[in-house]
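Engineer: Below is one structure. I have some questions about it.
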Amino acid sequence: MEKMGERLSRLFHAGVDWLWLSKGAIFIWGLLVSHSIVDYACVSILVIFYTDKKALEDELDLMRAAIFVNLQEGLTSISIILLSHISNTYIGDFKTIIISTSAYVIGILMLWSASVDGFLSSKLDLPVYFFAALFLALGKAGRKPPLKEFLALQLSEINDKSNSQSNQTSPVDQTKLEFRKNIWARSAWICGAIIAIFGFLGAKWENVFVISAILMFSSGFLFCSGFICYKNRSPTPTGGHLGPVFKVFKAAIWKFCWKYPNSPTKFHWKSNPNPRHYQSNNSGQIVLLPRVPPIFNWVDKAAIIEESSSLISPVEQVISGKLCTVEEVIIVKQLLTLTYMWVTSLVFGLVLGTGDTLFNKQGDKMEKLHIAKKPVRSSLFFVLKSFVRDAIIYLFWMSKARKQRTTLVRIGVGLFCAVICCIVAWQLEVHRQKDTSVLWILPQYLLLGLMEGLTLNGMEKFLENSEADSLRNFGQTFSELVAGTGKLLSIPFVLIFSSWIKKFPENSHLDWYFLMLAVLSFVFFSFYIYFAYKHNHSLNHMEELPLEDVELPTVQETPEFSSSGLEIPSGKLRRSNTTSQSQSQSRPLLWASPDDENKGLRIWSSAIANL
């Protein structure tokens with residue numbers, strides 16, 4: 004019995020250690036639950052609200068409804084990038100979360116004012132929808148980087164008393180920290196999804212908006228009340244991982260019309276000029292490596308030293324933001340080598356935007372599911388899509404599945420799923436009738452989940468597992484950029500093909516639109532295969548160039564607390580870099596030469612075998 008008691012005690016303490024019951028995390032968990040409820044109860048299915056108002060003359064046609072939703076979703080992805088930079092550089096996570104939560108409440112209240120008959124003039128509906136989209140985008144963006152990173156910060160542990168007196172923290176095992184964050188975040192997501200699906204059966208839109216606003220305001224207030232329990236991190240003046248990117252583009256735009264120098268000494272180096280970092284072009288001018296698409300060659304000019312009559316020193320030019328080091332430019336150019344992956348994924352984002360709008364309305368005109376004789380909200384399919392996405396992500400946790408070659412194939416499979424998804428939607432629209440069960444639309448949302456889990460998360464992991472340490476912090480930024488630009492691109496597409504998208508799906512030719520997307524998706528999927536085949540060798544060997552003295556904006560793996568025990572340096576907690584820099588002996592040119600093309604077939608064959 005004593006041994007059994009010891010085992011149970013060890014098991015209990017191990018469970019507490021892995022879950023880490025933090026006081027601050029409880030308040031954040033409540034805010035995450037509210038986010039999940041509001042997202043699945045109303046925000047994810049706003050296209051139905053826009054096209055389902057009681058007064059016929061107040062209804063938006065399907066085209067304008069799709070524009071508002073895609074504008075909101077696209078701005079959400081872009082806002083995630085900007086909020087992450089603002090949070091790391093200026094105001095910190097806590098203030099960012101407060102601002103985004105307030106914006107969310109304002110956006111929901113604006114939609115409520117438009118949902119109540121007679122509350123606003125019908126002429127004000129369009130301006131209200133536009134500004135509501137802006138506030139909702141800002142509100143949703145606060146959930147991903149600031150809120151989840153803030154949660155991870157609370158789940159990090161302080162060392163024992165002897166070390167806490169010296170204001171030091173113990174190294175947090177990354178696997179344990181990720182497990183804690185996932186348990187807390189996923190449990191909040193599940194609770195919110197269940198409440199949203201079964202707690203709003205048959206509810207009117209004005210009631211849904213009122214309850215959602217009250218939930219967000221209450222959880223935001225409780226979040227603020229727990230500020231005493233929080234560990235906070237101080238913003239960094241370097242701007243986090245996005246700081247050098249903005250700095251380089253600012254300086255390069257200032258010198259856009261300048262000519263390239265004829266000597267490497269005309270560039271601003273942290274140390275002596277390194278021949279591995281530059282080469283001469285056909286005109287004898289010096290250009291920096293790695294090679295990037297020609298449209299971005301002007302980025303090199305950010306490191307050109309200004310030689311004016313005023314004799315401004317390079318140090319003063321750096322302080323004024325008009326000069327960057329060669330090492331900082333190289334970091335940005337390494338990112339720009341992924342331009343082909345971004346371009347070939349634009350239609351992928353377009354399909355995601357279609358899933359948020361036209362797929363949603365397509366299912367709304369079919370025979371709905373009922374519980375207790377009340378219709379189930381169509382956000383159920385978004386919950387299933389998220390479940391499939393997370394399941395795919397967990398399937399690729401094995402080290403073998405995280406290899407760069409395998410990840411490239413994973414991204415390609417996700418792009419091909421976009422083709423299949425559009426074909427399924429096309430065929431369903433051709434054969435759809437009023438008495439067709441809404442369950443027939445389930446395959447489309449399952450394919451959307453596969454697309455997000457394979458391609459979006461694959462792009463994120465491709466950068467996080469890169470051999471170049473300077474690229475590892477840009478995974479989420481790159482995937483959000485792909486999704487955001489694709490959804491914003493759907494706005495001009497909807498306008499161009501407006502003759503196919505009428506006020507009601509019954510009068511529209513959505514089948515033609517879905518077929519057009521299927522063809523475009525296949526074309527861009529073919530482009531991806533070609534570019535991945537051509538540049539595969541150099542992408543798989545993105546080595547960290549020897550940037551001797553550059554101070555990379557990497558994160559603190561072992562954060563230090565201030566004397567109050569509440570402040571730590573800014574940065575995203577992530578795994579340490581265990582990749583040996585000596586594993587790759589390839590040259591630093593990330594855009595491969597024709598000599599590398601004959602290696603592509605062998606690499607792709609081995610990647611498929613790894614799967």
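With the sequence shown counted from 1, adding 3 to any position gets you this note's numbering.
Glycine included, each C-beta is placed from N, C-alpha and C at the ideal position.
1. Rounded to whole angstroms, what is the Cα-Cα separation between Ser37 and Ala216?
2. To which residues of the same chain is Val422 closer than 7 Å at the C-beta, ignoring the five residues directly before and after it?
3. Do you know whose CA, among Ala144, Lys506 and Phe351, lies nearest Thr104's CA?
4. At what residue ranges does the region 193-265 contain a whole run of the beta strand (DSSP E), taking only runs of 3 or more?
5. Can Leu129 and Leu158 be called in contact, C-beta distance under 8 Å?
6. Can you name, in chain order, every residue of its own chain whose Cβ lies under 8 Å from the Cβ of Thr345, other than the five neighbours on each side?
7. By Cβ distance below 6 Å, which residues in the same chain neighbour Ile100 in space, the five residues on each side in sequence not counted?
8. Is it true that the region 67-87 meets the region 352-362, where meeting means three or more beta-carbon pairs spaced less than 8 Å apart?
9. Could you tell me the boundaries of the alpha helix (DSSP H) in which Gln75 lies?
10. Below 8 Å, can you find three or more Cβ-Cβ pairs linking the region 83-97 to the region 117-126?
11. Report the CB separation of Tyr43 from Val386 in whole angstroms; it is logged as a contact under 8 Å.
12. For the 8 Å Cβ check, are there 3 or more pairs between the region 327-335 and the region 400-414?
13. Quick test of the definition: if touching needs 3 or more C-beta pairs under 8 Å, does the region 415-430 touch the region 440-450?
14. So, Ser80 versus Lys490, is the Cβ gap smaller than 8 Å?
15. Please report the residue range of the alpha helix (DSSP H) in which Ser118 lies.
16. The beta strand (DSSP E) with Ser283 in it runs from where to where?
17. Smallest Cα separation from Ile494: which of Lys368, Ile102, Gly417 and Leu355?
18. Where DSSP assigns a beta bridge to Ile374, which residues make up the other side?
19. Please state if the CB of Ser382 and the CB of Ile111 are separated by a distance shorter than 8 Å.
20. Under the rule that 16 or more other beta-carbon atoms within 10 Å means buried, what is Tyr533, buried or exposed?
21. Within the same chain, show all residues whose beta-carbon is closer than 7 Å to that of Phe134, passing over the 5 residues directly before and after it, in chain order.
22. Find the nearest neighbour of Asn300 within the set Lys258, Pro317 and Ile322, judged by alpha-carbon distance.
23. Thinking C-alpha only, which one of Glu309, Glu310, Ser286 and Leu291 is nearest Gln337?
24. By alpha-carbon positions, which one of Leu418, Ile109, Val302 and Leu154 ends up nearest to Phe249?
25. Could you check the C-alpha separation between Asn476 and Leu466 for me, to the nearest Å?
26. Grouping DSSP H, G and I as helix and E and B as strand, with all else coil, what is Lys325?
27. Within 10 angstroms of the Cβ of Val433, are there 16 or more other Cβ atoms? Answer buried if so, exposed if not.
28. Please report the straight-line C-alpha distance between Ala375 and Gly415, rounded to a whole angstrom.
29. Could you name the residues of the same chain whose beta carbon sits closer than 7 Å to that of Ile198, not counting the 5 residues immediately before and after it, in chain order?
30. Can you tell me which of Gly195, Ala140 and Phe224 puts its alpha carbon nearest to the alpha carbon of Phe97?
31. What residue range is occupied by the uninterrupted alpha helix (DSSP H) comprising Ile51?
32. Alpha carbon to alpha carbon, what distance is there between Lys234 and Asp64?
33. Please name the residue, chosen from Asn460, Ser323, Gly452 and Met462, that lies closest to Ala254 on a Cα-to-Cα basis.
34. Run through the region 387-474 for me and flag every whole alpha helix (DSSP H) of 4 or more residues, listed as ranges in chain order.
35. How is the alpha helix (DSSP H) around Val131 delimited, first residue to last?
36. Check whether the Cβ atoms of Asn468 and Arg413 sit closer than 8 Å, and answer yes or no.
Structural biologist: So, from the listed chains and residues:
1. 10 Å
2. Ala521, Ser524, Phe525 and Phe528
3. Ala144
4. 235-237
5. no
6. Note that residue 345 is Trp in the sequence shown here, rather than Thr. So the qualifying residues of the chain are Phe481, Leu484, Val485 and Thr488.
7. Gly145, Pro149 and Leu150
8. yes
9. Leu65 to Ile89
10. no
11. About 6 Å separates the two Cβ atoms, so the contact holds.
12. Because the criterion of three Cβ pairs below 8 Å is not met, the region 327-335 and the region 400-414 do not touch.
13. yes
14. yes
15. Gly95 to Ser118
16. Tyr281 to Ser283
17. Leu355
18. Answer by DSSP bridge pairing, in chain order: Lys377.
19. The Cβ atoms of Ile111 and Ser382 do not sit closer than 8 Å to each other.
20. exposed
21. Excluding residues within five positions, the ones whose Cβ falls inside 7 Å are Met113.
22. Lys258
23. Leu291
24. Val302
25. Rounded to whole angstroms, the separation of the alpha carbons of Leu466 and Asn476 is 8 Å.
26. Correct three-state label for Lys325: coil.
27. exposed
28. Straight-line measurement puts the Cα of Gly415 at about 43 Å from the Cα of Ala375.
29. Ile40
30. Phe224
31. For Ile51, the enclosing alpha helix (DSSP H) begins and ends at Leu49 to Tyr53.
32. 48 Å
33. Ser323
34. 407-434, 445-454 and 460-467
35. For Val131, the uninterrupted alpha helix (DSSP H) segment begins and ends at Asp128 to Ala144.
36. no
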